[in-house]
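Participant:
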Amino acid sequence: MPKIIAMQRLKILSTHFITHDVKRFVLEKPENFEYTPGQSANISINLPGWEEKIRPYSFTSLPDWDYLEFIVKIYDDQNGVSSQLGKLNVGEELLLHDVFGTIKFKGPGVFIAGGTGITPFIAIFRALFYSGNLREVALLYSNKSKEDIILHDDLTKMLGPAYKNVFTREGVIGFRERRIDRKFLIDNIGDFNFRFYVCGPKKFTEDVCEALISLGAKPEYLIV
1 MPKIIAMQRL KILSTHFITH DVKRFVLEKP ENFEYTPGQS ANISINLPGW EEKIRPYSFT
61 SLPDWDYLEF IVKIYDDQNG VSSQLGKLNV GEELLLHDVF GTIKFKGPGV FIAGGTGITP
121 FIAIFRALFY SGNLREVALL YSNKSKEDII LHDDLTKMLG PAYKNVFTRE GVIGFRERRI
181 DRKFLIDNIG DFNFRFYVCG PKKFTEDVCE ALISLGAKPE YLIV
């Protein structure tokens with residue numbers, strides 16, 4: 001259930017592209033503002049005509065940081081909120097409407113992300129890493145190509161060999177193109193008596209969860 005809060009105006013402190021189509025926003029943090037790693041917020045843009053066009057984005061910052069951070073994929077070919085976010089600069093404002101999200105850390109397990117589905121996991125990994133509790137956690141991360149990976153260096157630093165990339169686009173030299181499907185899960189996990197955290201595009205999440213359950217994962221151990 002969304003956490004109802006008074007709408008907050010968030011000034012952009014810095015912003016830049018971290019991949020060819022993914023942009024990082026660092027924003028002012030309201031006083032006494034609270035959220036949990038893995039949660040998201042409904043956001044709009046404080047510009048005429050855009051205030052009511054609300055979209056969900058995950059916090060990638062930690063609750064004890066003195067700023068908020070969001071990492072957003074920009075779709076320039078669509079004249080929508082994402083495209084408009086790509087044009088914003090320092091000093092402009094976003095509007096935060098409420099906080100929500102069912103993804104939270106419930107114990108060791110395997111994290112499976114597709115594209116920007118990594119974003120709620122980033123805050124969880126950061127919280128575990130900085131508290132020295134990032135143990136018995138693994139990440140399978142699917143993207144089209146190496147150029148699409150979000151925060152590769154950070155993920156490598158935090159997870160080390162427990163972090164595995166999967167690329168779906170043909171022609172990525174030096175990498176084997178695969179998808180996270182039933183066969184991939186059999187080949188790379190084997191034992192399905194774990195928690196599984198899954199986030200990505202709707203079809204990706206549905207297909208991965210269906211495959212996991214068919215292989216013996218307990219539905220109550222799926223966190224999506």
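Just so you know, UniProt numbering puts the end of the sequence shown at 224, numbered straight through with nothing missing. Glycine is no exception: its CB is placed at the ideal position from the N, C-alpha and C atoms. What you are looking at is a predicted structure, and each value in this text was computed from that prediction instead of being measured.
1. What does DSSP give as the partner residue(s) for isoleucine 43 in the beta ladder?
2. Any contact between the stretch 75-88 and the stretch 102-109? By contact I mean 3 or more CB pairs, one from each, below 8 Å.
3. Find out if the Cβ-Cβ distance for the pair alanine 41, valine 99 is shorter than 8 Å.
4. Can you tell me whether phenylalanine 111 is helix, strand or coil according to DSSP?
5. Apart from the five residues just before and just after lysine 53, which ones in its own chain have a Cβ nearer than 6 Å to its Cβ?
6. Whole-angstrom Cβ separation of valine 166 and arginine 182, contact assumed at under 8 Å?
7. Expressed to the nearest angstrom, what Euclidean distance is found between the alpha-carbon atoms of isoleucine 149 and glutamine 8?
8. Using a Cβ-Cβ cut-off of 7 Å (strictly less than) and excluding sequence neighbours within five positions of histidine 20, which residues of its own chain qualify?
9. Is DSSP giving threonine 168 helix, strand or coil here?
10. How should histidine 16 be labelled, buried or exposed, when 16 other C-beta atoms within 10 angstroms of its C-beta is the threshold for buried?
11. Three Cβ pairs or more, each shorter than 8 Å: is that satisfied between the stretch 60-76 and the stretch 153-160?
12. Please report the distance separating the alpha-carbon of leucine 215 from that of phenylalanine 184.
13. Distance, Cα to Cα, leucine 47 vs glutamate 93?
14. For tyrosine 130, is the classification buried or exposed, using 16 other Cβ atoms within 10 angstroms of its Cβ as the cut-off for buried?
15. Looking only at its own chain, which residues have a Cβ that is under 7 Å from the Cβ of residue 243, when we skip the five neighbours before and after it?
Facilitator: The structure says:
1. Arg55, Leu96
2. no
3. yes
4. strand
5. Ser44, Val81
6. At roughly 14 Å, the Cβ-Cβ gap does not stay under 8 Å, so valine 166 and arginine 182 are not in contact.
7. 30 Å
8. Glu147
9. coil
10. exposed
11. no
12. 12 Å
13. 8 Å
14. exposed
15. Residue coverage of the chain in this structure runs from 1 to 224, which leaves residue 243 outside it and unanswerable.
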